[in-house]
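Trainee: Under our numbering, the first residue of the sequence shown is numbered 386, with each subsequent residue one higher.
Glycine residues also receive a C-beta, built at the ideal position from the N, C-alpha and C atoms.
Supplied in structure tokens, the structure appears directly below.
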Amino acid sequence: MSELSYEQARGELATVVEKLEQGGASLEESLALWERGEKLADICQRFLDGARDRIETARAARDS
């Protein structure tokens, strides 16, 4: 699987959360959704951490 963009990961994560909130899935399906959601959340967090690092670097360069 190729790496998802932040927007793709966020969109899929929202879909996963919606499906979990609706209920009705089997335990196995719910666990699979939960695991996918955890992976998607990690992808999103990596993008956000990278963005924060870039902003801090740009601010430091501006201030020096």
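Tell me the rounded alpha-carbon separation between LEU418 and THR442.
Mentor: Whole-angstrom Cα-Cα distance: 36 Å.
Trainee: Give the straight-line distance between the Cα atoms of CYS429 and LEU389, rounded to the nearest whole angstrom.
Mentor: The alpha-carbon atoms of CYS429 and LEU389 are separated by roughly 9 Å.
Trainee: Whole beta strand (DSSP E) runs in the segment 395-423 with 3 or more residues, listed along the chain?
Mentor: With a minimum length of 3 residues, no continuous beta strand (DSSP E) run stays inside the segment 395-423.
Trainee: Hey, would you say ALA478 sits closer than 8 Å to LEU405, going by beta carbons?
Mentor: A question about residue 478 goes unanswered here, because the residues of the chain that appear run from 386 up to 449.
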